[in-house]
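Residue numbers (this note's numbering), protein chains in the order written: chain U, 71 to 471; chain C, 124 to 585.
Reading through the structure tokens given below for one structure.
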Amino acid sequence: MNAPLNRRALLGLGISVSFLGTQAFAASEGDLAKKKLVVVICRGGMDGLSVSPPVGDPDYAALRGSIAMRPDQVLKLDDTFGLHPELKTVHALAQQGQARIAPAIASPDRARSHFEAQDVLETGAAGVYGAETGWLNRTLEALAPVRKVEGLSVGTTAPLILRGKVQAASWSPGKGVDETARLPTLLQDLYKTDPLLGPAFARGLETETMAQLAMTGMAAPTAPMAAPQPNRAGSEAARKLGSTLGGFMIQAGGPQIAAVSLDGFDTHAGQAGQIATRLSYMDAVLAGLHTGLGAEWKNTVVVVVTEFGRTARVNGTGGTDHGTGSTGLILGGALKRGGIVGDWPTLKQTALFENRDTAPTLDMRGLFKGVLADHMGVDRTILEKQVFPDSAGAKAMTGLV
Amino acid sequence: MSLPSKDLMAAVAVTRFGLGARPGEIEAAKADPQGWLTAQVRRDGADLPQSDGESAAQRFAWMRDFQEQRRMERERKDGETPQNGVAFMDAQRQLRERVNGDFLARAQLGASTPASFRERWALFWANHFTVSSTKQITSVLIGPFEREAIRPHVFGRFEDLLVASSTHPAMLTYLDQAQSVGPGSMAVSRRRQGRGGLNENLAREILELHTVGVDAGYSQADVTDFARALTGFSIGRDAEDRAGQFVFRVNTHEPGARKILGKTYAEGGVDQGLAVLKTLAADQRTARHVSRKLARHFVSDTPPPALAARLEKRWMDTGGDLSAVAKALIESPEAWEPTPAKFKTPYEFTLSTWRLIGAEPSAYERIAPVLTGMGQRPFYAPSPKGWPEEAGAWASPDGLIKRMQWAQGMAAAAADRTDPNALALQALGARLTPPVAKAVSRAETRREAFALLVMSPEFQRR
Numbered sequence: 071m072n073a074p075l076n077r078r079a080l081l082g083l084g085i086s087v088s089f090l091g092t093q094a095f096a097a098s099e100g101d102l103a104k105k106k107l108v109v110v111i112c113r114g115g116m117d118g119l120s121v122s123p124p125v126g127d128p129d130y131a132a133l134r135g136s137i138a139m140r141p142d143q144v145l146k147l148d149d150t151f152g153l154h155p156e157l158k159t160v161h162a163l164a165q166q167g168q169a170r171i172a173p174a175i176a177s178p179d180r181a182r183s184h185f186e187a188q189d190v191l192e193t194g195a196a197g198v199y200g201a202e203t204g205w206l207n208r209t210l211e212a213l214a215p216v217r218k219v220e221g222l223s224v225g226t227t228a229p230l231i232l233r234g235k236v237q238a239a240s241w242s243p244g245k246g247v248d249e250t251a252r253l254p255t256l257l258q259d260l261y262k263t264d265p266l267l268g269p270a271f272a273r274g275l276e277t278e279t280m281a282q283l284a285m286t287g288m289a290a291p292t293a294p295m296a297a298p299q300p301n302r303a304g305s306e307a308a309r310k311l312g313s314t315l316g317g318f319m320i321q322a323g324g325p326q327i328a329a330v331s332l333d334g335f336d337t338h339a340g341q342a343g344q345i346a347t348r349l350s351y352m353d354a355v356l357a358g359l360h361t362g363l364g365a366e367w368k369n370t371v372v373v374v375v376t377e378f379g380r381t382a383r384v385n386g387t388g389g390t391d392h393g394t395g396s397t398g399l400i401l402g403g404a405l406k407r408g409g410i411v412g413d414w415p416t417l418k419q420t421a422l423f424e425n426r427d428t429a430p431t432l433d434m435r436g437l438f439k440g441v442l443a444d445h446m447g448v449d450r451t452i453l454e455k456q457v458f459p460d461s462a463g464a465k466a467m468t469g470l471v
Numbered sequence: 124m125s126l127p128s129k130d131l132m133a134a135v136a137v138t139r140f141g142l143g144a145r146p147g148e149i150e151a152a153k154a155d156p157q158g159w160l161t162a163q164v165r166r167d168g169a170d171l172p173q174s175d176g177e178s179a180a181q182r183f184a185w186m187r188d189f190q191e192q193r194r195m196e197r198e199r200k201d202g203e204t205p206q207n208g209v210a211f212m213d214a215q216r217q218l219r220e221r222v223n224g225d226f227l228a229r230a231q232l233g234a235s236t237p238a239s240f241r242e243r244w245a246l247f248w249a250n251h252f253t254v255s256s257t258k259q260i261t262s263v264l265i266g267p268f269e270r271e272a273i274r275p276h277v278f279g280r281f282e283d284l285l286v287a288s289s290t291h292p293a294m295l296t297y298l299d300q301a302q303s304v305g306p307g308s309m310a311v312s313r314r315r316q317g318r319g320g321l322n323e324n325l326a327r328e329i330l331e332l333h334t335v336g337v338d339a340g341y342s343q344a345d346v347t348d349f350a351r352a353l354t355g356f357s358i359g360r361d362a363e364d365r366a367g368q369f370v371f372r373v374n375t376h377e378p379g380a381r382k383i384l385g386k387t388y389a390e391g392g393v394d395q396g397l398a399v400l401k402t403l404a405a406d407q408r409t410a411r412h413v414s415r416k417l418a419r420h421f422v423s424d425t426p427p428p429a430l431a432a433r434l435e436k437r438w439m440d441t442g443g444d445l446s447a448v449a450k451a452l453i454e455s456p457e458a459w460e461p462t463p464a465k466f467k468t469p470y471e472f473t474l475s476t477w478r479l480i481g482a483e484p485s486a487y488e489r490i491a492p493v494l495t496g497m498g499q500r501p502f503y504a505p506s507p508k509g510w511p512e513e514a515g516a517w518a519s520p521d522g523l524i525k526r527m528q529w530a531q532g533m534a535a536a537a538a539d540r541t542d543p544n545a546l547a548l549q550a551l552g553a554r555l556t557p558p559v560a561k562a563v564s565r566a567e568t569r570r571e572a573f574a575l576l577v578m579s580p581e582f583q584r585r
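The following block contains the structure:
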């Protein structure tokens, strides 16, 4: 059990924290400085019923028709759910109590538009255009007075979730910067009054320096885990990407909060092959991240979400159309063992959202708030006011770590 | 609102409306900056990139062969003659060469054209009606799509552009329309198992992205009924008259009347879907949605509302005449605000650098890896929404590092023959600011000066 939970438990009993003394407080801040959060955004509307096929749900096979999986095809989780066969790392972690599924999660948006739903997911607002900055950036902003926390996104374009007042870092594989050249210094001078380019460029240079360390692999040996080698093309690059991100996060002063985008989940036609490729890639990124974080995996929570799920029924072209509830994944060494997160509404016709989609039972803002509060130690009031305004209806999902 | 000086207007015309200055271009535009732009608007459309000129139909037929070869390759067992393998590898190479050739031809046109406003206007519409290589079958059709469906219509009526896009094989494959089948159609009722059904992808994106916009107030029922109206929009098979071209298949069309955004459309075969497209094209919400997008693309991520209102009014007054809308943009004083507000996309950034030195990329490999590194992989828009428009997405820490590395490479290749101070004036004209002019003049080497100019806040914006 970690220190912030202790403090909250004591507060709940009406006992003041002051008697714990400064030492206990300092220790808890020290612990919090090690905590890491990675948010993986799967863009395109990831089909939750393929990520964690509810093969034990009596209505699953009929709804899914040609794309239904047999119980012996999936990696079993419990009597109802399995994982897609490509999610081997996730399954191995789940068996150790370090991965759980949230099988009916959704953002508050119901428009089934990729772009609107991604905006809502990333801004953390109650609706589209409700905020202009990303909720991870507002988290950095909120934590700044307490302790400096760095954020990093993987990829060349900056995702909205990390855009805002705090200049977050971004990184993608490249050839590195010649540190002896005068140009970077001259450019910093040229950008010093430019509110956009100045902070971004400075952060880019810092990140490049850090990348050299991250890629040489400073991670301590990983606890043994039965993570089979993925065998698809591109999986080595995906692993490398994940392990480099881990390499960033274990450095002193490295990012504690990171965002990764994976795309290609908009599977309207011929879904089975496409989603297998995408999930294989995701699994390799997660395997690499696990390796790269090494011993720091125990301080890490990874949340995998998508903007919306897809129709429960297969469509006319071996795919699925835009839907509502999907599956989220929660992973990490910091996670508590447990079953599914949130309720399973079942796939009964009367239970489907608009007789069409998996009905959402968990607002993803509730998951985010719970993880930020319990794991990252973000103050509850700040969470409600600053990071997720107008989210009172989305109760924080506590007790996951 | 008054217009700035002719000198400033010339720089704005060439660098904001256009794709960046080629040698002497700003000077040439000074006499009449607005006229310089208006002269580029022409009824018969944008220029066509000089590629192999293959049509979508030819490409589609070729793609069918390729898929057949791939199927054979997958079925080939060990011990059989590997001839197929060689043929297949060759076909894969040809596929790549076709797509890469299309992209290179477009980049060369963009780098060399004297009518770069016309080209930017075409690029806007190609991005508005995004098709992407994220689907392999679509990748070979992107070049033909731009040549056949987009470029001829960009100064015509929006309705024609919308219909051309929505019936082109590239769009029909990219958004899965070609396979969408009415659940109550003859094709389904003849089969016992009822294989095939509705795919609503194209219908939704036409509403959300191409026409009225996501805030127009349509419902899931509107999307589904529009998808039903579009069933039958497909592509001719090998043996058919219109192989690889748009066909309407009566037997996969969902029969019956449809109701979309409050209007009822009687059964009418292909005319039913076309009637919906025409209604959407004429809708004021479409004019508003696309006018805002034009203002955001050309002027600022947060454009003055008066600018979008002007474009919308001209759109509605002329029934969506895109020549008239282009002229309204040129005439709008808000579009001439001299402070550069738009951060160039990687494609714009690299093209404007080539234009600066009066050159063009000589090979696909000279432009593709760098664009991919900067986050804009050729013909690979991440979603039907197209490439991001806003500075926040492109001016990322990593994006700036990648730009700097490329600028250094270009400097090494091109800077030694240049006069840096003259180059800075040639690139930015009256938009050149004293700090940048000073940094360039104080540089230690021509290469350093070149990289500083290309990486300057002014050059990276427009």
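Glycine included, each C-beta is placed from N, C-alpha and C at the ideal position.
*Contact set between the segment 297–312 of chain C and chain U, restricted to residues whose Cβ is under 8 Å from the partner*: Cβ contacts with chain U come from L298, D299, Q302, S303, V304, P306.
*Would you kindly report the start and end of the unbroken alpha helix (DSSP H) that includes C:F421?*
Start and end: 407–421.
*Smallest Cα separation from C:G147: which of C:R241, C:L555, C:L551, C:A566?*
C:L551
*Contact with chain C by U:E366, beta-carbon distance below 9 Å*: No, U:E366 lies away from the interface with chain C (no Cβ there is under 9 Å from its Cβ).
*Scan the segment 429–459 of chain C and note each continuous alpha helix (DSSP H) run of 4 residues or more that stays entirely inside, going in chain order.*
445–454
*Is U:D449 closer than 9 Å to U:A132 when the C-beta atoms are compared?*
In this structure, U:A132 sits away from U:D449, with a CB-CB distance that is not shorter than 9 Å.
*For chain U, find out if any of its Cβ atoms is closer than 9 Å to the Cβ of C:R315; answer yes or no.*
Confidence is the limiting factor: at C:R315 the pLDDT is only 49, short of 50, which leaves the residue's position unreliable, though a coordinate-based value still follows. Cβ-Cβ to chain U under 9 Å: no for C:R315.
*asked:* Please list, in chain order, the chain U residues whose beta carbon lies closer than 9 Å to that of C:L555.
replied: Here the premise fails: no neighbours, minimum Cβ distance about 13 Å.
*Between U:Y130 and C:R243, what straight-line distance do the alpha-carbon atoms span, to the nearest angstrom?*
49 Å
*Under 8 Å between beta-carbons, which chain C residues line up against U:N425? List them in chain order, please.*
What U:N425 touches in chain C: nothing, since even the nearest Cβ is about 11 Å away.
*Quick one: which chain C residues come within Cβ less than 7 Å of U:N385?*
G320, L321, N322
*asked:* Distance check for C:I149 and U:V375, CA to CA, integer angstroms please.
replied: 49 Å
*Does C:W248 get closer than 9 Å to chain U when you measure Cβ to Cβ?*
no
*Under 9 Å between the Cβ atoms of U:I171 and U:V411?*
yes
*Could you tell me which residues DSSP pairs with C:F466 in its beta bridges?*
C:R584
*Does DSSP classify C:G336 as helix, strand or coil?*
coil
_When you compare the segment 326–339 of chain U with the segment 223–236 of chain U, are there three or more beta-carbon pairs, one atom per stretch, that lie closer than 8 Å?_
yes
*asked:* Please report the distance separating the alpha-carbon of C:G522 from that of C:V413.
replied: Our two residues, C:G522 and C:V413, have alpha carbons roughly 28 Å apart in a direct line.
*Consider the Cβ of U:A201: report whether some Cβ of chain C lies at a distance smaller than 9 Å.*
no
*For C:A339 and C:E198, the rounded distance between their alpha carbons*: If you take the alpha carbons of C:E198 and C:A339, they lie about 49 Å apart.
*Please list the partners that C:W517 has in chain U, where partner means a Cβ-to-Cβ separation under 9 Å.*
The answer, in chain order, is T226, T227, A228.
*Give every residue of the same chain whose Cβ lies closer than 6 Å to the Cβ of C:V448, excluding the five residues on either side of it in the sequence, and list them in chain order.*
L434, R437, W438
*asked:* Under 9 Å, CB to CB, which of the residues in the segment 237–257 of chain U have a partner in chain C?
replied: Q237, A238, A239, S240, W241, S242, P243, G244, K245, G246, V247, D248, A251, R252, L253, P254, L256, L257
*Using a Cβ-Cβ cut-off of less than 8 Å, list which residues of the segment 168–191 of chain U approach chain C; keep chain order.*
A181, R182, S183, H184, F185, E186
*Does the segment 457–477 of chain C come close enough to the segment 516–530 of chain C to have 3 or more Cβ pairs within less than 8 Å?*
yes
*For U:T337 versus U:T390, is the C-beta distance shorter than 9 Å?*
yes
*Environment of U:A289 [buried if 16+ CB atoms lie within 10 Å]*: With a pLDDT of 44 at U:A289, under the threshold of 50, the modelled position of that residue is not reliable, and the figure given next carries that caveat. Buried, because 16 or more other Cβ atoms sit within 10 Å of the Cβ of U:A289.
*How would you list, in chain order, the residues of chain U whose beta-carbon sits under 8 Å from the beta-carbon of C:V559?*
L260
_With a threshold of 9 Å between beta carbons, is C:G202 in contact with chain U?_
Unreliable positioning characterises C:G202 in this predicted model, as indicated by a pLDDT of 49, which lies under 50. The coordinate reading is nonetheless provided below. So no, C:G202 is outside the interface.
*Taking Cβ positions, are U:V371 and U:V121 nearer each other than 9 Å?*
no
*Please list, in chain order, all residues of the same chain as U:T292 whose beta carbon is under 6 Å from its beta carbon, the five residues on each side excluded.*
Low confidence applies here, because U:T292 scores a pLDDT of 44, under 50, leaving its location unreliable; read the following figure in that light. Correct list, in chain order: T361, G364.
*Would you kindly report the start and end of the unbroken beta strand (DSSP E) that includes U:G221?*
221–224
*asked:* If distances are taken between C-alpha atoms only, which option among C:A404, C:G532, C:R570, C:I524 comes closest to C:L546?
replied: C:R570
_4 or more residues per run - each alpha helix (DSSP H) lying fully within the segment 400–460 of chain U_ = 434–444
*Please say whether C:L575 and U:L256 have beta carbons closer to each other than 9 Å?*
yes
*asked:* Quick check on U:G323 - is its C-beta less than 9 Å from some C-beta in chain C?
replied: no
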